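In the working numbering, the protein residues as written are 1068 to 1118. C-beta atoms are modelled at their ideal positions from N, C-alpha and C, and glycine is treated no differently. Please read all numbers here as calculations on a predicted model, not as lab measurements. The structure appears below as structure tokens.
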């Protein structure tokens, strides 16, 4: 069960990274509070996913 939860967490995290890249680069949406909407703890955490 623990392995399942780790895998699930990893997949959700990867999905969030794909979506944030699509929103920022694909649709060119730049909102100062976008990081909150996608569940990031800080703007820097979101910037790290975009790199």
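Could you check what DSSP says for residue i in three-state terms: helix, strand or coil?
i	result
residue 1072	helix
residue 1118	coil
residue 1105	coil
residue 1092	helix
Since residue i contacts residue j with CB under 8 angstroms, what's their CB separation in whole angstroms?
i	j	result
residue 1117	residue 1087	7 angstroms
What's the C-alpha gap between residue i and residue j?
i	j	result
residue 1073	residue 1081	12 angstroms
residue 1106	residue 1070	23 angstroms
residue 1112	residue 1093	20 angstroms
residue 1084	residue 1091	11 angstroms
residue 1075	residue 1098	28 angstroms
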